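This report refers to the structure that appears directly beneath it.
Number of protein chains: 2
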Amino acid sequence: MSGSLPVTERTRLRRRPQRGSHEMDTILRILDAGLLCHVGYVIAGEPFVTPTAYWREGHRLYWHGSAASRMLRALAPGLPVCVTVSHLDGLVLSRTGFTHSVLYRSVVVFGRTAAVADRDGKRRAMDAFLDRLYPGRRQELRPTENAELDAIEVVSIPIEEASAKIRDGGVLDKEEDLGVPCWAGVIPVRATLGASRPDSGILTDPALPAPLAGYRAGASLDEVLLAMASRDAAG
Amino acid sequence: MSGSLPVTERTRLRRRPQRGSHEMDTILRILDAGLLCHVGYVIAGEPFVTPTAYWREGHRLYWHGSAASRMLRALAPGLPVCVTVSHLDGLVLSRTGFTHSVLYRSVVVFGRTAAVADRDGKRRAMDAFLDRLYPGRRQELRPTENAELDAIEVVSIPIEEASAKIRDGGVLDKEEDLGVPCWAGVIPVRATLGASRPDSGILTDPALPAPLAGYRAGASLDEVLLAMASRDAAG
Chain A
1203 MSGSLPVTER TRLRRRPQRG SHEMDTILRI LDAGLLCHVG YVIAGEPFVT PTAYWREGHR
1263 LYWHGSAASR MLRALAPGLP VCVTVSHLDG LVLSRTGFTH SVLYRSVVVF GRTAAVADRD
1323 GKRRAMDAFL DRLYPGRRQE LRPTENAELD AIEVVSIPIE EASAKIRDGG VLDKEEDLGV
1383 PCWAGVIPVR ATLGASRPDS GILTDPALPA PLAGYRAGAS LDEVLLAMAS RDAAG
Chain B
1203 MSGSLPVTER TRLRRRPQRG SHEMDTILRI LDAGLLCHVG YVIAGEPFVT PTAYWREGHR
1263 LYWHGSAASR MLRALAPGLP VCVTVSHLDG LVLSRTGFTH SVLYRSVVVF GRTAAVADRD
1323 GKRRAMDAFL DRLYPGRRQE LRPTENAELD AIEVVSIPIE EASAKIRDGG VLDKEEDLGV
1383 PCWAGVIPVR ATLGASRPDS GILTDPALPA PLAGYRAGAS LDEVLLAMAS RDAAG
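Chains as they are written, first to last, in the numbering used here: chain A, 1203 to 1437; chain B, 1203 to 1437.
This is the structure in structure tokens:
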């Protein structure tokens, strides 16, 4: 998984390149900490950005949706996309208006979509998505029906033309501004899990089953997702 | 602030229209709960999606950045964009693979960017951004310098062609699947604040100042931002 991606005109980091990276490890770690991406595409010259869940297998990103959706109808035949994943990590309150900032990690991937055309491929891909998020769960569910597979599109792009950008740390005020007598510092932000709410009428214990125990109230979603991704890599 | 926006070809909700809305109140409430958007634009026919902080004044969305950034260089002269704001609210674990889902609120706004060209306009806009996030703070900071204003671009789009989509609630399994003996339910997710970390060498109390007390550890970022937006509306 290591190594650095080639830098293209699109992925060259123009602003604050010290915050950027083309290292595959860095890119995958940011992708593996998330599940919601923003897919950008062009229809008749106009930009569209659709939020959707994604997953990764090796060096490909996948997402899916109804075959009737505008996005999937446009993307299934193969279209250039820009997929962006962002994590907001904090607010930076500095001593000048212009040094206020946010902490974040983001990845941008450019590529052309490829559709998973056949039922077996879709079934395998959707199984991988479920296994990525909920280990051990798939075997307990009602099996997927062919009609369900026929009603969706699954598309993917290679993780080949991509870059990461990370703003971490804290306040970055200039020496001459340090005497400004205001509060300054960081307010951290993280996606946090709440207490699970069982559906009415479930036939099991209301507590989450053991393989999903990581999804406990108060846990960081990032960390749960990262832990599951590294389990997959280890297995 | 009330009323419904006209539906265009781009904002017509094709999939699950019952989850969508063109009501201005619904749209603004989702926008006011966030601070990170994804801006989609087209350069030489290719899509780009850039995450950035935004703010709202009335029925316009604003964002800013270095005048040297690829995005701002492209957008300052006026370009069609699609700005998407999404909140992930939970994971839905259902009884079939295909009814697994996520809870979310999202807004998509289409428009053509307009640049804030002059220093006074930029200063006023950046003041509004700071006031939106951090009431009472601006007066304590080192004043903004002209050179700082000259180094940025501020752009905006009208909130006129927009739609919201909300998936809330819980598991939506069909009657015939309710007997599947697996756990089913919702795991809530929310952007949560951590304990603030003062910068080294601040000249004030390490605790957050009173006007920012809402940013307390454990608070929901959404709720803090919404409360401040309604304060603005009331003030």
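Even glycine gets a Cβ: it sits at the ideal position worked out from N, Cα and C.
Model, not experiment: these values are computed from the prediction.
Inter-residue spacing [alpha-carbon to alpha-carbon] between residue i and residue j
{"i": "Ile-1359 of chain B", "j": "Ala-1278 of chain B", "result": "11 Å"}
{"i": "Gly-1313 of chain B", "j": "Gly-1242 of chain B", "result": "11 Å"}
{"i": "Glu-1219 of chain A", "j": "Tyr-1256 of chain B", "result": "It should be pointed out that residue 1219 of chain A corresponds to Pro in this sequence rather than to Glu. Looking at the two C-alpha atoms, the distance is approximately 22 Å."}
{"i": "Pro-1400 of chain A", "j": "Trp-1385 of chain B", "result": "7 Å"}
{"i": "Tyr-1456 of chain B", "j": "Gly-1403 of chain A", "result": "A question about residue 1456 of chain B goes unanswered here, because the residues of chain B that appear run from 1203 up to 1437."}
{"i": "Thr-1210 of chain B", "j": "Glu-1363 of chain B", "result": "7 Å"}
{"i": "Arg-1392 of chain A", "j": "Leu-1423 of chain B", "result": "9 Å"}
{"i": "Gly-1372 of chain B", "j": "Gly-1267 of chain A", "result": "19 Å"}
{"i": "Asp-1407 of chain A", "j": "Pro-1390 of chain A", "result": "35 Å"}
{"i": "Val-1251 of chain B", "j": "Val-1251 of chain A", "result": "7 Å"}
{"i": "Thr-1228 of chain B", "j": "Val-1283 of chain B", "result": "21 Å"}
{"i": "Val-1244 of chain A", "j": "Gly-1247 of chain B", "result": "7 Å"}
{"i": "Gly-1187 of chain A", "j": "Ser-1303 of chain B", "result": "No answer is possible for residue 1187 of chain A: it lies beyond the span of chain A, which begins at 1203 and ends at 1437."}
{"i": "Leu-1215 of chain B", "j": "Ala-1353 of chain A", "result": "18 Å"}
{"i": "Lys-1298 of chain A", "j": "Ala-1235 of chain A", "result": "Checking the sequence shown, residue 1298 of chain A turns out to be Thr, not Lys. Computed Cα separation, rounded: 32 Å."}
{"i": "Glu-1377 of chain A", "j": "Glu-1342 of chain B", "result": "17 Å"}
{"i": "Ser-1379 of chain B", "j": "Phe-1300 of chain B", "result": "Just to set this straight, residue 1379 of chain B is Asp in the shown sequence, not Ser. Straight-line Cα distance between these residues: approximately 12 Å."}
{"i": "Ala-1349 of chain A", "j": "Arg-1325 of chain A", "result": "11 Å"}
{"i": "Ala-1421 of chain B", "j": "Val-1310 of chain A", "result": "30 Å"}
{"i": "Asp-1329 of chain A", "j": "Ser-1271 of chain A", "result": "21 Å"}
{"i": "Arg-1321 of chain B", "j": "Ala-1319 of chain A", "result": "54 Å"}
{"i": "Ala-1415 of chain A", "j": "Arg-1334 of chain B", "result": "39 Å"}
{"i": "Met-1430 of chain A", "j": "Ala-1269 of chain B", "result": "40 Å"}
{"i": "Glu-1425 of chain B", "j": "Leu-1230 of chain B", "result": "14 Å"}
{"i": "Thr-1346 of chain B", "j": "Leu-1405 of chain B", "result": "20 Å"}
Below-7 Å beta-carbon distance, residue i vs any chain A residue
{"i": "Asp-1401 of chain B", "result": "yes"}
{"i": "Val-1294 of chain B", "result": "no"}
{"i": "Gly-1467 of chain B", "result": "There is simply no residue 1467 of chain B to check, as chain B begins at 1203 and stops at 1437 in what is shown."}
{"i": "Gly-1437 of chain B", "result": "Here Gly-1437 of chain B scores only 48 on pLDDT, less than 50, and its place in the model should not be relied on; the value that follows carries that caveat. Taking Cβ atoms only, chain A never reaches closer than 7 Å to Gly-1437 of chain B, which makes this a no."}
{"i": "Cys-1284 of chain B", "result": "yes"}
{"i": "His-1240 of chain B", "result": "yes"}
{"i": "Glu-1342 of chain B", "result": "yes"}
{"i": "Ile-1232 of chain B", "result": "no"}
Beta-carbon proximity check, residue i vs residue j, cutoff 7 Å
{"i": "Arg-1454 of chain B", "j": "Leu-1233 of chain B", "result": "Because residue 1454 of chain B is not part of the residues shown, which for chain B are 1203 to 1437, the question remains open."}
{"i": "Leu-1427 of chain B", "j": "Tyr-1417 of chain B", "result": "no"}
{"i": "Val-1356 of chain B", "j": "Ala-1327 of chain B", "result": "yes"}
{"i": "Leu-1351 of chain A", "j": "Arg-1340 of chain A", "result": "no"}
{"i": "His-1224 of chain A", "j": "Leu-1237 of chain A", "result": "no"}
{"i": "Ser-1432 of chain B", "j": "Gly-1222 of chain B", "result": "no"}
{"i": "Asp-1370 of chain A", "j": "Leu-1305 of chain A", "result": "yes"}
{"i": "Thr-1382 of chain A", "j": "Arg-1344 of chain B", "result": "The residue asked about is misnamed: residue 1382 of chain A is Val in this sequence, not Thr. It is a contact, given that the beta carbons lie within the stated cut-off."}
{"i": "Pro-1249 of chain A", "j": "Gly-1338 of chain A", "result": "no"}
Beta-bridge pairing of residue i - partner residues as DSSP gives them
{"i": "Tyr-1306 of chain A", "result": "A:Leu-1290 and A:Arg-1369"}
{"i": "Pro-1253 of chain A", "result": "A:His-1240"}
{"i": "Trp-1265 of chain A", "result": "A:Tyr-1256 and A:Val-1357"}
{"i": "Gly-1313 of chain A", "result": "A:Val-1283"}
{"i": "Ile-1404 of chain A", "result": "None; Ile-1404 of chain A has no bridge partner."}
{"i": "Glu-1377 of chain B", "result": "Glu-1377 of chain B is not bridged to any residue."}
{"i": "Ala-1415 of chain B", "result": "Note: Ala-1415 of chain B sits in no beta bridge, so no partner."}
{"i": "Ile-1245 of chain A", "result": "A:Glu-1248"}
{"i": "Arg-1433 of chain A", "result": "Per DSSP, none; premise fails for Arg-1433 of chain A."}
{"i": "Arg-1392 of chain B", "result": "A:Thr-1394"}
Residues of its chain near residue i, where Cβ-Cβ distance is below 8 Å and the 5 sequence neighbours each way are ignored
{"i": "Cys-1239 of chain B", "result": "Pro-1253, Thr-1254, Ala-1255, Tyr-1256, Leu-1263, Trp-1265, Val-1285, Thr-1286 and Val-1287"}
{"i": "Gly-1280 of chain B", "result": "Arg-1314, Thr-1315, Ala-1316 and Ala-1317"}
{"i": "Ala-1419 of chain A", "result": "Leu-1395, Gly-1396, Ala-1397 and Ser-1398"}
{"i": "Gly-1437 of chain B", "result": "With a pLDDT of 48 at Gly-1437 of chain B, under the threshold of 50, the modelled position of that residue is not reliable, and the figure given next carries that caveat. So no residue of the chain qualifies."}
Any chain B beta carbon closer than 7 Å to residue i
{"i": "Gly-1313 of chain A", "result": "no"}
{"i": "Asp-1379 of chain A", "result": "yes"}
{"i": "Pro-1390 of chain A", "result": "yes"}
{"i": "Val-1244 of chain A", "result": "yes"}
{"i": "Val-1373 of chain A", "result": "yes"}
{"i": "Ile-1229 of chain A", "result": "no"}
{"i": "Tyr-1256 of chain A", "result": "no"}
{"i": "Glu-1355 of chain A", "result": "no"}
{"i": "Val-1251 of chain A", "result": "yes"}
{"i": "Leu-1290 of chain A", "result": "yes"}
{"i": "Met-1328 of chain A", "result": "yes"}
{"i": "Leu-1274 of chain A", "result": "no"}
Same chain, Cβ closer than 6 Å to residue i, five either side skipped, listed in chain order
{"i": "Arg-1307 of chain B", "result": "Ile-1232, His-1289 and Ile-1368"}
{"i": "Ser-1296 of chain A", "result": "His-1302, Val-1373, Asp-1375 and Ala-1386"}
{"i": "Leu-1274 of chain A", "result": "Gly-1267 and Glu-1355"}
Proximal residues to residue i (C-beta, below 7 Å), its chain only, five neighbours per side dropped
{"i": "Ala-1276 of chain A", "result": "Tyr-1243 and Ile-1245"}
{"i": "Arg-1212 of chain A", "result": "Phe-1312 and Glu-1363"}
Within-7 Å CB hit, residue i to chain C
{"i": "Trp-1385 of chain A", "result": "You won't find chain C in this structure, because its protein chains are A and B."}
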